[in-house]
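To start, the structure under review is shown below, and the notes come after it.
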Amino acid sequence: MAAKKEKKKQAQYYEAVGRRKEATARVRLYTITGDSVDVNGTSVKKGEIVVNKKPVEQYFPGEVAKRIYLEPFRTTNTVGRFTVSALVTGGGSYGQMGAFIHAVSRVLQDIDKDKFRSILKKRGFLKRDPRMKERRKAGLAQSARAKKQSPKR
Numbered sequence: 001m002a003a004k005k006e007k008k009k010q011a012q013y014y015e016a017v018g019r020r021k022e023a024t025a026r027v028r029l030y031t032i033t034g035d036s037v038d039v040n041g042t043s044v045k046k047g048e049i050v051v052n053k054k055p056v057e058q059y060f061p062g063e064v065a066k067r068i069y070l071e072p073f074r075t076t077n078t079v080g081r082f083t084v085s086a087l088v089t090g091g092g093s094y095g096q097m098g099a100f101i102h103a104v105s106r107v108l109q110d111i112d113k114d115k116f117r118s119i120l121k122k123r124g125f126l127k128r129d130p131r132m133k134e135r136r137k138a139g140l141a142q143s144a145r146a147k148k149q150s151p152k153r
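Written as structure tokens, this is what we have:
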């Protein structure tokens, strides 16, 4: 008889989807009690953020980006409390960062609605930004809007 595989218990996580422009982010926020958790086959320490299997500092480089993606955690006083894993697709880097923030804010709201919802809502993190690229129109020379008409005389 074959030996039974022992299934390792995964840490509890909360999941949410965020969107911005053409970008979509699926975020899992792990609440772990130990030092690290196994995320997609790699061990991630408590407080680390992983985006598309890369550390967030590599995926969104720079100080300005760091201030932006840590803002939901800073406003709720939860910096370093959770391990975050995100899968981000579509759009550009700014749109992806906006989608990431939207998803993280939704997850934080799911964790403690009474405490975090009002804070995040006040800062506008829970609202999905509806602005999208305007489609091109036929007869306007490959553009979305017509050129301004110049005076005749």
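Residue numbers are given in the UniProt record's numbering: position 61 of the sequence shown equals residue 61, and the series is strictly consecutive. Don't be surprised by glycine CBs; every beta carbon is placed ideally from N, CA and C.
**OP:** Leaving out five residues on either side along the sequence, give the residues of the same chain with a beta carbon under 7 Å from the beta carbon of Asp-129.
**Re:** Arg-20, Gly-98
Subject >> Three-way DSSP call (helix, strand, coil) for Ser-105 in this model >> reply: helix
**OP:** Say whether the region 32-45 touches the region 109-128, bearing in mind that this needs 3 or more beta-carbon pairs closer than 8 Å, one atom from each stretch.
**Re:** no
Subject >> Neighbour-count burial assignment, Ala-103, 16 or more Cβ in a 10 Å radius >> reply: buried
Original post:
If you draw a straight line from the alpha carbon of Tyr-94 to that of Gly-18, how long is it in whole angstroms?
Top reply: 13 Å
Original post:
If we count the other Cβ atoms within 10 Å of its Cβ and call it buried at 16 or more, is residue 236 buried or exposed?
Top reply: Beyond the ends of the chain as shown, which are 1 and 153, falls residue 236; an answer cannot be given.
Subject >> Rounded C-alpha distance that separates Phe-116 from Gln-109 >> reply: 6 Å
Original post:
Residue ranges of each alpha helix (DSSP H) run of no fewer than 4 residues wholly in the region 71-130, ordered along the chain?
Top reply: 93-111, 113-123
**OP:** Look up Val-56 in the DSSP assignment and give the residues it is bridged to.
**Re:** Answer is none; Val-56 lacks a bridge partner.
Subject >> Rounded straight-line distance, which links the Cα of Met-132 to that of Arg-145 >> reply: 15 Å
Subject >> Member of Leu-29, Ile-68, Ala-141 whose CA lies at the smallest distance from the CA of Phe-82 >> reply: Leu-29
Original post:
Using the rule of at least 16 other Cβ atoms within 10 Å of the residue's Cβ for burial, across every protein chain shown, is Ser-150 buried or exposed?
Top reply: exposed
Original post:
Once you ignore the five residues that flank Thr-75 on each side, which residues in its own chain have a CB closer than 8 Å to its CB?
Top reply: Ile-119, Leu-120, Arg-123, Phe-125
Original post:
Which of the three DSSP states, helix, strand or coil, is assigned to Lys-45?
Top reply: strand
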